[in-house]
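Residue numbers (the UniProt record's numbering), protein chains in the order written: chain Y, 1 to 405; chain S, 1 to 289.
Here is the structure:
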């Protein structure tokens, strides 16, 4: 069987998907038009760290070494113990520049941002032009309006910016432009009246609004979430509005510039019937009255609509914004949960274990298109024996705080 | 000494501490209730006793990244300060008469806070401390001081302590430009390179401190670790919203003197004949955006 695709971004003509350490580009007919495989693994990162340590030891003055009566010991490459969590070499996230000229991804193997130039006239449309490593694992990216700069949030709470074109910056010279003392979940660069701002969200309920490029001047925080935030999206028609969601029972609508919570759309009654045992907290945190947990994985906006993907829920929620409030359009039922979604033109593409990919048409309402992407299924390079070999596909639960101390 | 004997002894000490702290907890609970009920009878004698520090010891480090079970307000507007400063709360309007203006971040056993209370008797000062037992000690100390000084001019009603992670949740407590002074006294040095982000002064956190500080407000730092001092000076100097105050300024500033002499950590350094390094920085206005 094939490993399901894990990430998708799309335009109206092309789909860019990742599975494990493979990246592929397809046209909307399902023909493979580009591919790339990450050949760097986690071992390479460890080897690099070892070399750095040796280098450092070698630089230690001779006298000091003699004093300590020590030979230069070659540091070991750490081998994980029996209980250690598995490390997956995979592409964590994908984004396209607004002009669809560059594809930007995050690799977990060496904590890098990878940037591809998309040239559809080439046999392989994906050409890697940059691989910038970071001190900590990047986990979220946003692209400036002028398509020149990528804003990157990492798992350690720091936000960086790098140019799309141009030389790599040595890792030690990378300086965060702002930071949280928390795991960052999303970053968004936006503008208001010709001035730019960065919105950054974390698992400790914070959404911070900073000026850009003068990021050291914080504008304010948007307070209101009780759980982690996983997704922040905006509408093209009014960029003062911001929709946020995560571990809460609500989708929040803000005027982010004016620091005003406009409304909250309640999810519990609507989504609860679609939750199952898998939405309960892990056993050691489980109480008799533990509610099943709702987690927003991703949201996309189209015109005045928001499409919401929940973790392991057989349905897509469509909301419409009217009079500064979110209204229900539909909870579109599905036979299987989706892993990731992306919009291109009036189409929405959804990845899943069951169907690999599903195409929807959206014209105020969703319909499933009767379309099979044979080429995608055939060209998926990741063959696995059983579902046990799947990489984790639904990871939102690790963001929820379950404190014991 | 026999290991098992040692262990039993250790357990005995632990349980003694526990019993003591439990008794104090009851006092604390009573004190919280009494603040709202002024018709209460005379408090029991033990609430007047100052707490004894040896029952509250806790290791000096705490990981600012971990998910402690913390109470923090959802936003500065939703913070209920009346529990902490009952005499500065107007019951009729249910408003605070004034805001907290001085924050002692990582206040430890509260020495600085108590001296600030005397120096600025009309200003609300808040200590924030991440270690539970140390926070309880300070709380008990304040309860005792308030009881002992009820009818005096300096009655310690203007100081309070909160258990919290200031690095993570400072913006939940303080509005923009609310603070006039922030103290960072003997912070955890986090010697290892890869732990440097856990230091309380980093260039990214400084932007959040600058948000809470009013223009002209002061950040005070003191440490006995020269490396950390250099680190703090480097980062604060680098930050566009802060400028260092010179030695002359330090010499005439009352808070510098208090900070130098009054913290428990500082006194320990003194006893060990160690150095103390001071640096103070003023919040500059935001640039034109």
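Ideal Cβ placement from N, Cα and C applies to all residues, glycine included. Keep in mind the model is a prediction, meaning the values are calculated, not measured.
C-alpha distance - residue i paired with residue j, whole-angstrom precision
i, j, result
"residue 292/S", "residue 201/S", "This structure cannot settle anything about residue 292/S, because the visible part of chain S is limited to 1 through 289."
"residue 133/S", "residue 287/S", "42 Å"
"residue 185/S", "residue 100/S", "19 Å"
"residue 221/Y", "residue 97/Y", "27 Å"
"residue 94/Y", "residue 299/Y", "14 Å"
"residue 47/Y", "residue 172/Y", "18 Å"
"residue 178/Y", "residue 281/S", "20 Å"
"residue 372/Y", "residue 3/Y", "17 Å"
"residue 204/S", "residue 239/S", "9 Å"
"residue 38/Y", "residue 1/Y", "21 Å"
"residue 146/S", "residue 184/Y", "42 Å"
"residue 381/Y", "residue 52/Y", "34 Å"
"residue 290/S", "residue 23/S", "Outside the displayed span of chain S (1 to 289) sits residue 290/S, for which this structure offers no information."
"residue 43/Y", "residue 88/Y", "11 Å"
"residue 273/Y", "residue 314/Y", "10 Å"
"residue 229/Y", "residue 30/S", "38 Å"
Closest residue to residue i among the options (Cα-Cα distance)
i, options, result
"residue 398/Y", "202/Y, 118/Y, 306/Y", "202/Y"
"residue 231/S", "196/S, 214/S, 286/S", "196/S"
"residue 127/S", "111/S, 120/S, 235/S, 118/S", "111/S"
"residue 101/Y", "85/Y, 143/Y, 206/Y", "143/Y"
"residue 154/Y", "254/Y, 32/Y, 108/Y, 191/Y", "108/Y"
"residue 424/Y", "306/Y, 206/Y, 80/Y, 312/Y", "Because chain Y in this structure spans residues 1 to 405, residue 424/Y falls outside the shown range and cannot be described."
"residue 117/S", "91/S, 152/S, 56/S, 268/S", "152/S"
"residue 179/S", "105/S, 18/S, 226/S", "105/S"
"residue 257/S", "119/S, 22/S, 55/S, 74/S", "119/S"
"residue 225/Y", "23/S, 73/S, 10/S, 49/S", "73/S"
"residue 400/Y", "293/Y, 328/Y, 365/Y, 375/Y", "293/Y"
"residue 79/S", "96/S, 91/S, 277/S, 63/S", "96/S"
"residue 266/S", "25/S, 98/S, 26/S, 109/S", "109/S"
"residue 180/Y", "240/Y, 32/Y, 152/Y, 341/Y", "152/Y"
"residue 121/Y", "79/Y, 33/Y, 230/Y, 217/Y", "33/Y"
"residue 224/S", "210/S, 275/S, 245/S", "275/S"
"residue 168/S", "279/S, 277/S, 63/S", "63/S"
Integer Cβ distance of residue i from residue j, believed to fall under 8 Å
i, j, result
"residue 129/Y", "residue 147/Y", "Incorrect: roughly 14 Å between the Cβ atoms, too far for contact."
"residue 176/Y", "residue 204/Y", "Rounded, the Cβ-Cβ distance is 17 Å, inconsistent with contact."
"residue 91/Y", "residue 168/Y", "Their Cβ separation, rounded to whole angstroms, is 19 Å, which puts residue 91/Y and residue 168/Y out of contact at 8 Å."
"residue 56/S", "residue 137/S", "4 Å"
"residue 140/Y", "residue 186/Y", "5 Å"
8 Å Cβ cutoff, residue i in contact with chain S
i, result
"residue 442/Y", "The structure shown has nothing for residue 442/Y, since chain Y only spans 1 to 405."
"residue 59/Y", "no"
"residue 211/Y", "yes"
"residue 182/Y", "yes"
"residue 398/Y", "no"
"residue 174/Y", "no"
"residue 110/Y", "no"
"residue 218/Y", "yes"
"residue 395/Y", "no"
Interface partners of residue i on chain Y, CB under 8 Å
i, result
"residue 89/S", "Simply none; closest approach about 22 Å."
"residue 71/S", "None at all; the shortest Cβ gap to chain Y is about 12 Å."
"residue 167/S", "181"
"residue 75/S", "221, 223, 224"
Test: residue i CB closer than 8 Å to a CB of chain Y
i, result
"residue 241/S", "yes"
"residue 182/S", "no"
"residue 237/S", "no"
"residue 208/S", "yes"
"residue 289/S", "yes"
"residue 197/S", "yes"
"residue 204/S", "yes"
"residue 99/S", "no"
"residue 286/S", "yes"
"residue 211/S", "yes"
"residue 189/S", "no"
"residue 121/S", "no"
"residue 18/S", "no"
"residue 37/S", "Unreliable placement is indicated for residue 37/S, whose pLDDT of 46 sits below 50; no coordinate value is reported for it."
"residue 192/S", "no"
"residue 176/S", "yes"
"residue 86/S", "no"
Per-residue contacts from residue i into chain S (C-beta, under 7 Å)
i, result
"residue 30/Y", "Within chain S, no residue comes near residue 30/Y; the closest Cβ sits about 44 Å away, beyond 7 Å."
"residue 178/Y", "204, 207"
"residue 236/Y", "Simply none; closest approach about 25 Å."
Min CB distance residue i to chain C below 8 Å
i, result
"residue 53/S", "Among the chains of the structure shown, chain C does not appear; the protein chains present are Y and S."
Contacts that residue i makes with chain S (C-beta to C-beta distance below 8 Å)
i, result
"residue 243/Y", "Going along chain S, no residue has its Cβ under 8 Å from residue 243/Y, so there is no contact; the nearest lies around 19 Å."
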